[in-house]
Each structure stands twice: as C-alpha cells, then as structure tokens.
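So in this note's numbering the end of the sequence shown lands on 789, straight run, no missing numbers.
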Amino acid sequence: MAVLFSACDSTKHIGEGQYLLRKNTLKVKSDVPVTKRGEFNDQLNSLVVQKPNSYSFGVFPFKLWLYNSRYDKYQRDTANYQIKSKTVEKPVVYDSVLQRRTEQNLKSFLFNQGFFYAKVRDTVVKKNKKAYVTYNIETGTNYLINAIKYDVDDSVIRRDIEKMGDETYLKKGTDFSMGLLDEEMSRITNNLQDLGYYKFSQSNISFVLDTMNKNYFRNAENPFETAINFLALQKQQKRPTLDVKIVVRADDDSSAYFKYVISNVMVYPDNLSSDDFRDSTLEESEYNGIKFRYHRHYVHDEVVARHIYLNKGEVYSQSNYSQTITKLNELGVFQTVRIYRRDDTAVHDQHALRVVIVMTPSKKHDFTTNFEVSNGSTYSLGGALIVSFRDHNLAHGANLLSTSINGGIESAYYPSRGDNIFEHFYLLSKNVGFNTSLDMPKFLVPFRPTRNDNANLPRTIFGAGFNLLDRVDYFTLTNTAASLSYAWRETPTKTWNISPAFINIQRLPRVADSFQKRMDENDFLRNSYKENFIEGENVSFTFTNPNTRAAKFGYSYVNLGLEEAGTVLSAVHGLGQALNNLYSINQYAQYVKFDFDLRRFINVRKSVAAVRFYGGIGLPYDKSSTLPYIKQYFVGGAYSIRGWRVRSLGPGATPPDSTTNYIDRTGDIKLEMNAEYRFPIVQLFSGAMKLNGAFFADAGNIWLAQKSSEYPNGNLEWKTFGHDIAMSTGAGARVDIGGFFVIRFDLAFPLKKPYVAENGGWVIKQISPYDSDWRDQNLILNIAIGYPF
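Set out below in structure tokens:
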C-alpha cells in the first residue's frame with residue numbers, strides 16, 4: 001500500500017520551484033454565432049503549446065503513474081521505447097515561456113480570423129506544486145467585407161479576372177479572415193492558368209486592406225459633421241467593415257501575362273529510367289496528335305490518349321493538367337504518372353509548351369489467398385478459403401479482370417459424438433462459389449461517347465457468378481447471376497451506377513423432408529425459398545465529401561438505390577414463360593425495391609461522432625407475394641443491431657424460436673439507425689498501432705410487406721411501429737494497425753425487445769451484469785474486421 005500511494009503521487013519528482021501543469025482553461029468571450037462556436041473553440045484549444053498529462057476519466061494520470069513507478073529507469077534511458085510510443089508520460093513541468101508562446105499563437109490566429117483588436121490575458125494559479133493556467137480571451141468583433149476593388153496593371157488580365165468575379169470568396173457582408181485571402185489568391189491563379197497564363201503565380205497577387213469607413217468623412221472640410229457622422233454610423237451598425245483591394249502586378253517577369261499553347265505531346269507509357277529520353281531504339285507511334293515512345297506495347301495508345309486532356313494546338317489549362325494526372329492514375333495500370341512542361345523555343349510566332357508524360361508500369365497480375373476461421377450463433381467452428389486473381393491490363397486495354405473462388409464450412413460441436421475430438425464436430429453447412437467481373441475504363445455503348453463522358457471516369461462492368469449453399473440437413477440452394485453495369489463520376493463528390501440488366505436464377509435442387517414440411521406450413525418461407533428467375537434493372541447514386549473544404553469538421557455519405565424486376569418479362573408477351581420453361585422454373589420475380597444509406601461523421605477534437613440511418617423497402621407485386629430470398633433484408637450481427645446475432649431478429653414482434661435456428665429471419669422492409677462515439681485510448685509502436693474505443697447504440701428491425709398467418713406480428717403497421725423497434729447498446733475496442741487494418745471487438749446487450757409485451761418491450765430494469773444467466777442470454781460479443789459503418 002505504501003509503494004502504491006507513493007507511486008500515485010504525481011508531483012513526487014517535481015523539483016523545487018517547479019510545478020506540474022495540471023490544467024489549461026480557455027475562457028472565450030466572443031460574438032461568434034452559436035453554430036460555429038464549437039469549431040471556433042476547438043481551433044483555439046489546438047493552439048495551446050504546452051498540454052498537461054493525460055488523465056483517465058479526468059481524474060487519474062495513469063501514464064504519468066506508470067512513468068513515476070519506474071522513474072529512475074526512464075531518467076537514465078530517455079530514448080526508451082515506451083516513452084517514444086507514449087505508453088508512459090513524463091511529468092509536464094509548467095513553462096512560462098511556452099505560456100507566452102501560446103498567448104502569441106492565440107492573438108495571431110484571432111487576427112487572421114478578422115478579430116483585429118482581440119485581447120488575450122493569461123493567469124496562472126500555483127497550488128500544491130501544481131499549476132492551473134487560464135487564458136481569458138476577448139475576441140471583440142471581427143470585420144465584415146464591404147467592397148472589393150481591383151488594381152491590375154494589364155487591361156486584358158483585369159478583364160479576365162473581372163469575368164470570374166462571381167466565383168470570388170470575398171463576398172460582401174461575409175466575415176473576413178486571412179484564409180479567405182489565401183483562397184481568393186489560389187482561385188485567381190488557377191483560373192488564369194486555366195486560360196493559358198501558364199507562368200502566372202500567386203506571387204503576382206497581393207492585397208491591401210482598408211478598415212476606414214469612408215462614410216465617416218463625406219465632408220472632409222467640416223470636422224464637426226464628420227464627428228456626427230462617425231457617432232451616427234457606429235450606432236447604426238454593430239460590426240465594422242473593411243474594403244479589400246486586389247493588386248495584380250507582372251513585376252519583372254512579363255511572361256506571367258503570356259498565353260501558352262501546347263506545341264506537342266510526348267508519352268512514355270513504360271518508362272524505366274531517364275535514359276529512355278535519349279534511347280533511339282524505342283518504338284514510336286502517333287495517335288490523335290500524341291506521340292508515343294515505348295519499349296513494348298504495354299497498353300494501347302487509344303486507351304492512354306482517351307485519358308489525356310493536354311492536346312496539341314490547344315491553349316494550356318492547369319485543370320486539364322491535373323485531370324490528366326488523375327485519370328491516368330485511375331486507370332490502375334501505372335505505378336507513377338509525371339508530367340513535364342518545357343518552353344518550346346522552336347516555335348517563334350507564339351508562346352508554346354512541350355509536354356512530356358512519363359509513366360511507370362505497375363504490376364500486371366495479383367494473386368491472393370485469404371483463409372478465415374469463425375464462430376457464430378448457429379455453429380461452433382467455421383472456416384473459409386478465398387482464392388482471387390486479378391489482371392489489371394487485360395488485352396492491353398487497362399481492363400480489370402477479377403476472378404475469385406471461395407469455399408467454406410460450418411460445423412457444430414457435440415462432445416457426446418464419437419471417441420475423439422475430430423468426431424465431435426458435425427457438419428452443418430458448406431458453400432462454394434465462383435465469381436468474375438470485367439471492368440473496362442470506357443462506356444461500351446452503341447453511340448460514340450463525348451469527351452466529357454471520358455472526363456467523368458466512365459466504367460463498363462460485366463459480372464457473372466455461381467454460388468451454392470448446402471445446409472446439410474435441410475436444403476441446397478444455388479444462385480446463378482449475371483449483370484451489365486455502367487459507373488461514372490458526375491463530380492468529385494457524386495457518383496452513379498446504372499445496371500440496365502441483371503439476372504439471378506435461384507434454384508433449390510435438394511430439399512429435406514423436414515424443411516419441406518416446414519415450408520408447406522409457412523407461406524412466407526415457401527415464397528422466399530421457391531425457385532425464381534429474376535430479371536431487372538437498378539440505379540444507385542452516391543454522395544460523399546470527405547475531401548472537401550467543409551470536411552475539416554465532419555463529412556457526409558449518402559447512397560440511394562432503386563431496383564426493379566419483372567416488368568420487362570411481363571411486358572414482353574411469352575418471354576417470361578419461355579424463360580421459365582428454359583430453366584424449369586415456375587415463376588419469375590416481380591418487385592420494386594428502394595434502398596438508402598445516410599451517414600454523418602462529426603469531428604470532435606480527437607474523437608468522432610458517427611450516425612447512420614439506413615434500410616430499404618421492397619414491394620412485391622402481381623404474382624410475387626415476397627421478395628426472393630437473395631433480395632430480402634436482415635438485421636443483427638457485427639455490422640447491424642449488435643445486441644442480436646445475425647439474422648436472428650424479427651420480423652416485427654415475432655418471438656425467437658429455438659427449434660428453427662436454421663431458418664434465417666428475413667423481411668421485405670428494413671429500417672435501422674446506429675450511433676457511435678469513437679475515441680482514442682492509447683498508441684503503440686510510435687503510432688503504428690492504435691487502440692481506440694467506442695460507445696454505441698443501435699435501433700431498428702425488419703418487417704414483412706404483407707400479412708402472414710405464420711408471422712402474425714411480422715408485418716409493418718404504424719400503430720405498432722414504435723413497439724416493434726429493437727434497441728441495444730454497448731462498448732467496443734478497435735485495434736487499428738497502420739490505418740489499413742482494423743480488428744473490432746464490440747460487446748452489446750438489448751435495451752428493448754419487440755417480442756416482449758410488458759413495459760413496451762423495454763428490458764432496462766432486467767439488466768444484471770453480475771447474473772451469469774443474464775449474461776449468457778443477453779451479452780453478445782461481436783468480433784469483426786473494419787468499422788460497422
């Protein structure tokens with residue numbers, strides 16, 4: 001006990017006249033709007049130079065305690081790995097110099113945000129060898145932008161800048177900040193470079209700020225009237241304004257005002273070294289005015305030329321330069337892409353550029369294997385093997401061919417079976433599959449795509465596959481699939497995927513008597529598992545903005561999908577029946593299906609608050625009374641409502657049935673909402689491995705689109721909607737390895753069970769973590785790869 005309390009004394013190794021920095025407090029008095037107050041305060045907190053030791057739950061300095069417990073060792077070995085990896089923390093001794101530097105940081109930041117007369121006063125309270133620092137910040141009022149003026153020494157440049165004035169970041173009436181000047185400088189430079197002014201740069205632009213309101217001095221010869229105007233205008237307006245003058249000068253470099261034209265384009269598709277530029281043995285060819293020099297035809301000239309936007313005879317554009325690099329990289333067949341631009345002195349009648357595009361080929365083939373071992377709610381031990389092969393440049397056209405073969409088994413463990421451990425395992429199910437796709441970097445359509453189509457990264461994707469699921473004691477189900485899809489990017493934040501035709505053939509070649517009897521008694525199961533021919537179309541739209549300016553404090557993700565099946569077959573007389581006869585299937589599926597996935601991620605200092613609302617609605621019609629099994633929804637598991645096992649909840653208020661664990665709980669409608677608060681815990685190996693934590697809550701369920709006698713509480717009705725919602729909560733730990741691989745452990749338990757009639761389904765009062773029976777029946781440990789969303 002004496003050793004423990006001695007080690008817990010956080011100030012025991014603080015020298016005479018020194019103080020342990022215990023806390024920094026920022027007291028901010030500002031007129032910043034409430035909607036931006038949190039972001040503003042976070043920015044101010046990030047500028048504090050000296051941070052105190054971390055405290056677990058705000059009260060116990062665990063890492064400092066670890067350091068003090070071996071203080072002598074860490075003092076001798078200052079390069080110790082545990083110190084570098086921040087597993088332990090040395091005492092943070094208060095430093096007045098760093099305090100003054102923080103004060104300067106805060107003042108500089110506020111000035112750059114337009115608070116020209118902000119005040120920052122710091123105080124320090126020293127007590128019990130600990131220092132408590134308080135920064136009192138009075139921002140005052142930041143300036144509003146009033147008028148924008150131009151001072152340009154060239155009439156043509158001035159005209160070009162004024163034409164783009166509507167795009168300016170310096171809008172009248174908006175809050176001024178130095179950051180806006182930087183953005184405006186970049187905007188003008190990029191726009192002029194897009195117009196061909198290749199050598200124009202940000203150094204040609206400067207700004208003059210005028211904070212004096214001219215309305216105060218309408219009559220400069222009458223000082224009395226000026227004073228009256230000053231008092232009157234100050235009373236009328238709450239916030240001061242400033243004028244911004246944009247000054248553009250060529251200075252000593254007159255070439256900044258020259259427009260450049262591309263004289264020729266040379267491409268090295270399989271560059272090996274700088275010697276290639278002088279190698280006369282390289283093969284040469286030309287396509288659409290672009291010259292190619294290569295060792296071998298690594299990729300067709302047409303494919304590369306289609307993704308080059310710097311064309312001979314055209315005015316140089318910085319946007320086309322950036323787009324060329326992006327599109328060539330997105331082909332997936334080049335390891336590096338570099339573009340060199342040089343003055344072409346051989347052209348005398350205009351200012352010209354020679355463009356040289358140098359690319360290094362990437363690895364053509366990938367061959368990977370993945371072996372998995374798993375445990376689930378309905379089986380004891382499972383295993384799967386996935387073998388994948390990818391050709392990134394099929395037929396030298398930058399076409400991506402992906403092929404995978406997978407197989408797996410699930411088994412139960414019964415100690416009473418057999419004489420040894422191998423005989424104790426009993427095979428429950430097995431699956432095997434073969435899937436392939438061909439992804440082509442173009443629109444394969446009857447008409448000729450425009451140049452704008454190519455700029456949006458068009459893809460044509462053919463897919464096909466066969467998968468077999470054999471549940472040994474019950475049934476064998478096969479699914480044969482084929483599809484044609486088109487994908488493209490409308491903008492950097494918006495993408496589309498349209499499949500004008502897809503086919504699924506669901507067959508049930510083997511059905512055990514016990515399962516057949518169950519289907520005979522249950523219309524929903526019979527309609528779900530029956531053989532089906534599915535032909536339809538779908539479209540999906542995705543919006544995401546993690547790389548935009550606004551994403552510094554959070555970003556959004558939206559995915560919307562619409563799918564239809566059966567209309568074409570029913571509209572074309574006799575086609576549906578002919579296909580049914582061809583595949584010996586009695587019916588083709590008819591349904592309309594809408595899916596959505598909405599996510600919002602909010603950055604809170606070093607933590608993230610994440611929310612997701614997603615689900616779908618499937619409406620079978622005409623001869624179909626349910627969605628086909630492969631198109632139905634389910635909930636539960638590591639990526640859904642984590643208080644229930646996968647496919648074990650619903651539909652609606654349907655109670656669990658231990659005698660039918662082999663029947664998946666599925667439905668035609670799904671609504672689900674998830675929320676997580678994600679935070680860091682500790683970094684290891686100099687940040688190469690991170691342990692993060694999370695608190696989460698999940699809610700939702702699945703329902704049937706039509707009433708079923710076997711599931712009387714399974715269809716969606718508004719009067720029972722609230723009661724049908726299942727809820728669970730829990731906490732998790734996530735091991736992040738290098739930012740590429742995340743192993744997730746989430747422990748969850750139910751808060752509300754829709755199949756419990758009492759108390760509206762709420763079971764909070766029954767929570768008893770010290771009761772082993774409650775833990776066995778309610779605690780669910782989810783082990784998964786990656787985040788749930």
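In this text, a Cβ means the ideal position worked out from N, Cα and C, and glycines have one as well.
Taking the alpha carbon of residue i as the point to measure from, which residue in the options has its own alpha carbon closest?
i    : options                   : result
D154 : T174, F111 and F200       : F200
L427 : G433, R417, I617 and N435 : R417
A653 : A699, V97, V646 and A757  : A757
Y132 : V93, K107, T139 and D166  : V93
T102 : E286, V88 and I137        : I137
A147 : R100, D122, L209 and R187 : L209
V358 : F334, V247 and H365       : F334
R293 : M266, P769 and Y588       : M266
V432 : K631, D419, L468 and N456 : L468
L598 : G643, L180, I630 and F543 : F543
L331 : K363, V315, V347 and G761 : K363
A512 : Q193, Y787, L477 and N527 : L477
L569 : D151, A589 and N479       : A589
D724 : G760, F389 and D349       : G760
Look up residue i in the DSSP assignment and say whether it is helix, strand or coil.
i    : result
W790 : Since the first residue shown for the chain is 1 and the last is 789, residue 790 is missing from the structure and cannot be characterised.
H365 : strand
S772 : helix
V304 : helix
T567 : helix
R645 : coil
V511 : strand
I145 : strand
Q82  : helix
H13  : coil
L779 : coil
R599 : strand
I698 : Ile is not the amino acid found at residue 698; the sequence shown has Asp there. Note: D698 maps to strand in three-state DSSP.
K73  : helix
R293 : strand
F176 : coil
S254 : helix
D153 : coil
H723 : helix
Keeping to the same chain, check which residues put their C-beta closer than 6 Å to that of residue i; ignore five residues upstream and five downstream.
i    : result
A694 : E676, R678 and G732
S96  : none
A784 : A638 and R744
L560 : F541 and F596
A220 : Low local confidence applies: a pLDDT of 48 at A220 is under 50, so the model's placement there is unreliable, and no value is given.
L181 : F207
Going by DSSP, which residues form a beta bridge with residue i?
i    : result
R471 : S429 and F475
M689 : L684 and I737
Y135 : L26 and D122
S388 : T368 and S404
Q50  : Partner(s): none; Q50 has no beta bridge.
D746 : G732 and N782
Q506 : N479 and N532
M266 : K291 and V356
P620 : Y591
V248 : V152 and I205
M673 : F613 and A699
I'd like to check one pair, residue j with residue i: are the Cβ atoms closer than 9 Å?
i    : j    : result
R744 : D42  : no
D276 : H295 : yes
R600 : Y557 : yes
E537 : A481 : no
N191 : I161 : yes
P651 : W703 : yes
S404 : F434 : yes
F613 : E563 : no
N701 : P655 : no
V299 : N393 : yes
Please work out which residues of its chain come closer than 7 Å, Cβ to Cβ, to residue i, disregarding the five sequence neighbours upstream and downstream, and give them in chain order.
i    : result
G114 : N142, Y143, D175, F176 and S177
P680 : K606, K690 and N692
Ordered along the chain, which non-local residues of its own chain (more than five positions away) have a Cβ less than 8 Å from that of residue i?
i    : result
E710 : E521, N522, D523, F524 and L525
F740 : none
S56  : F62
Y529 : F475, L477, L508, M519 and Y629
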